[in-house]
Amino acid sequence: MKETLAHLLELQEVDTSLDELRRAREVYPKRIQELRKELEEERTSLEEMKGRLQDLEKQKRHYERELRRAQDELEKHKARLYEVKTNREYDAVQQEIEAWENSLGQNEELLLETMAAIEELAPQVADKEQAYAKSQEEKQEEIGRLLNRLENLDEEIEGQIRRREEITSRMDRRVLATYERVRKGRGGVAVVPVTRGACGGCFSQLPPQVVVEVKKGDHLIKCEYCGRILVWNEEKA
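The sequence shown maps to residues 34 to 270 in this note's numbering.
Below, the structure written as structure tokens:
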């Protein structure tokens, strides 16, 4: 019976490993997709911010041109004041001067506002670029690890399946059937060691006599609380 219990414990280890490998085969592709989506969202956010900065730079250049134009026109019209010969012409030129002065003031105000917005946004873009570069490096590294792991998963699963078949070929069919039934009803964990006098599955404290019987290993003993098969392991005990 001790050999049977040893086989059960080994079988549980293999099945736990198989469960983890199969779960990884489902989870890893989803995680890779999540990482790529996060990177795309970060890149899009960065591009949008850079786009706003570029728009502000264009506006700045536009207002600078308009400002120079207003200044040039203002100087021209002021010079014309000395050339006009009638009051009517003088009034018309004066109105033009007033209009260009207004244009000059408006463009100066808009230019200052735009420059302030650029001054505020530019460092934010720089910080976001740096954060994105770091995030991209970290996420691409994780994606690479997951892809490499995925390449080896099938081979590892096949290896564990062969090991499982080797173990089960040496086991009693009735014991194996009991193991499979308990495993199915207990979330994949059918065999647990006694840990400090308690069940390693549900952590309920076991009667001292049960602990003694498990240590002897003369027959199959289940936890009276969760129904899992109990085995003795010196390290865990």
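Ideal Cβ placement from N, Cα and C applies to all residues, glycine included.
Start and end residues, beta strand (DSSP E) containing residue i
i, result
"L263", "I262 to V264"
"V243", "Note, V243: premise wrong, no beta strand (DSSP E); alpha helix (DSSP H) at P241 to K249."
Buried or exposed by the 16-neighbour rule on C-beta atoms within 10 Å, applied to residue i
i, result
"V47", "buried"
"Y115", "exposed"
"V244", "buried"
"Q147", "In the sequence as presented, Gln is not what sits at residue 147; that position holds Thr. Flag for T147 reads buried."
"Q193", "buried"
"C235", "exposed"
"N185", "exposed"
"V227", "buried"
"A112", "exposed"
"L41", "buried"
"L145", "exposed"
"Y123", "exposed"
"L263", "buried"
8 Å contact criterion, which residue i and residue j should meet: CB distance rounded
i, j, result
"A210", "Q45", "Going by Cβ atoms, the distance from A210 to Q45 rounds to 15 Å, so no, they are not a contact pair."
"L86", "A155", "6 Å"
Beta bridge counterpart(s) of residue i as assigned by DSSP
i, result
"V225", "L263"
"K255", "I262"
"A238", "The amino acid at residue 238 is misidentified as Ala; the sequence shows Gln. Answer is A231, bridged to Q238."
Distance cut-off 7 Å: residue i Cβ against heavy atoms of the ligand COA
i, result
"R203", "The ligand COA is absent from the structure shown, which contains no ligand whatsoever."
Span of the alpha helix (DSSP H) around residue i
i, result
"Y115", "Run containing Y115: none; DSSP gives neither H nor E here."
"G220", "Element bounds for G220: n/a, residue is neither H nor E."
"R196", "N120 to T201"
Requested in this report: Mind listing, in chain order, the continuous beta strand (DSSP E) runs of no fewer than 3 residues lying wholly within the segment 51-87?
Outcome: Runs found: none.
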